Each structure stands twice: as C-alpha cells, then as structure tokens.
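Trainee: For reference, the structure I am asking about is given below.
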Amino acid sequence: MKPLLPATILLALLPACTTSPRPHAREALVTMKGTPVTLEGTSPAPAVGDPAPDFAAVANDLSEKHLSDFRGKVVILSTVPSLDTKVCDAETRTFNERASALGDNVVVLTVSMDLPFAQKRWCAAAGIDRVITLSDSKLRQVGDRYALRIREHGLLARAVTVIDPRGIIRYQQIVPEVATEPNYDAAISAATGAARAAAGM
-3 MKPLLPATIL
7 LALLPACTTS
17 PRPHAREALV
27 TMKGTPVTLE
37 GTSPAPAVGD
47 PAPDFAAVAN
57 DLSEKHLSDF
67 RGKVVILSTV
77 PSLDTKVCDA
87 ETRTFNERAS
97 ALGDNVVVLT
107 VSMDLPFAQK
117 RWCAAAGIDR
127 VITLSDSKLR
137 QVGDRYALRI
147 REHGLLARAV
157 TVIDPRGIIR
167 YQQIVPEVAT
177 EPNYDAAISA
187 ATGAARAAAG
197 M
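Be aware that the sequence shown starts at -3, since it is given in our numbering, and climbs by one per residue.
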C-alpha cells in the first residue's frame, strides 16, 4: 500500500486547485468620465484577424444565445455599460436604425450587464426591432473572453467588434472614453465590406 501524502502537502496543493483564472488586465486604455479604468477578463483580448471567441449570453426570453448561433452572418457585436444611460440608449437606437439598410446577412448584437427583463422593457419602449440585446449579467462570458469588463464598476466597456461569417474579427473599436459614442461609420463600413467579401464581390 502506497503511503498517504502528508496533510501539509495536501493543504499546499489545495489553493492551486481552487484558485479562479488570473485576470488579464489592460490599463490606461479607457477612461470613464475622465477617470482611467482597468479592463479585464479571464482571457487575453482578441485582436483584428483573430477568431472571435464564442460566448453564451442570456436573451430577453431567458434562453441562452451563443455567438456561434450566428455563424454564416456578419455580426456587429456592440458592448455597452447599461441601456439605462443616455449614450448607450443613443448608440443602440442608432445601430437599430442603420441595421435596416444592411440586409439580413448582418446581425447586430448589443450586450450589457443589464438584466434580461430590463433589456426587454427597454427594447419595447424604444421600438427596437433590428438589434438583438443580450445580458452578460449571469454568465459573464463576453466580458471575460473579450477582456472588456471594467474592474472598478463591474460593467462592460463600450466597444464595437465586427465579425465576418467565418468567425474572424475584421474590425474592433474600444471607445477610449466610455461616455462617448463609437464610430458608427467605420463599423458599418467594416460590416458591409465583410458581407461583400463573403458574397465574393
């Protein structure tokens, strides 16, 4: 019979087995109303040309949606702190309006830490019909896998990522000041270009 490991060794090994993944942090990249904040996640931030990390998030009907559900389409992935703020409200309304001209091969996903119930109420009040809102409050995979969680506030940073039909990131803007809107024209142009490339134009 093999001797048992001493209790001191077992105790020393225990923290290594239970410690959560060390966060990947990015500093001096974003400010929130002028104050620098730290972006973090459990994975390194993906860059243009990288495969877009798959994720699950909760839809308004409480079902889980995955990024991979939209494979074969161009995805505009918009992350915002909260739909209950003026800038996030304006951004999501703008993408909703402009998405109507992009066709059915382009999908806009807006992800925030708002609860699905709050997102559903907001969409109904705002008349949103072209943007799919998803909540990262339960699973937190978007913030973790894209390294977009604001450490100081537990919210998502404002960012726009365009993903082509093969799941490759073709454009990304992490808005330097969270309280300002993104570059809509650049994102729409990237999405249109990705759709045309996929169609062989």
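For every residue, glycine included, the Cβ atom is placed at its ideal position computed from N, Cα and C.
Computed from a predicted model, the values in this text were never measured in an experiment.
In chain order, which continuous runs of the alpha helix (DSSP H) of length 4 or greater are located wholly inside the segment 86 to 126?
Mentor: Within the segment 86 to 126, the complete alpha helix (DSSP H) runs of at least 4 residues are 112 to 122.
Trainee: From what residue to what residue does the alpha helix (DSSP H) around V138 run?
Mentor: First-last of the alpha helix (DSSP H) with V138: 137 to 141.
Trainee: Given E173, which residues of its chain have a CB within under 6 Å of its CB, disregarding the five upstream and five downstream residues?
Mentor: Here the set comprises T27.
Trainee: Could you give the distance in angstroms between the alpha-carbon of L151 and the alpha-carbon of G196?
Mentor: About 39 Å.
Trainee: For a quick check, are the C-beta atoms of D80 and H62 less than 8 Å apart?
Mentor: No, the Cβ-Cβ distance between D80 and H62 is not below 8 Å.
Trainee: How do the segment 53 to 70 and the segment 34 to 44 stand: do at least 3 beta-carbon pairs fall below 8 Å, yes or no?
Mentor: Touching, no.
Trainee: Starting from G189, trace the alpha helix (DSSP H) both ways and give me its first and last residue.
Mentor: Taken as a continuous stretch (DSSP letters only), the alpha helix (DSSP H) holding G189 covers 180 to 194.
Trainee: Under the rule that 16 or more other beta-carbon atoms within 10 Å means buried, what is D160, buried or exposed?
Mentor: So D160 counts as buried.
Trainee: Using three-state DSSP, classify T14 as helix, strand or coil.
Mentor: Caution applies to T14, whose pLDDT of 42 falls short of 50 and renders its modelled position unreliable; the value that the coordinates give is listed next. Of the three classes helix, strand and coil, the one that applies to T14 here is helix, per DSSP.
Trainee: In terms of residues, what are the limits of the beta strand (DSSP E) holding I164?
Mentor: Where I164 is concerned, there is no enclosing beta strand (DSSP E), given that its DSSP letter is neither H nor E.
Trainee: Under 8 Å between the Cβ atoms of T188 and L98?
Mentor: Yes, these two residues count as a Cβ contact at 8 Å.
Trainee: DSSP three-state label for V70, please.
Mentor: Of the three classes helix, strand and coil, the one that applies to V70 here is strand, per DSSP.
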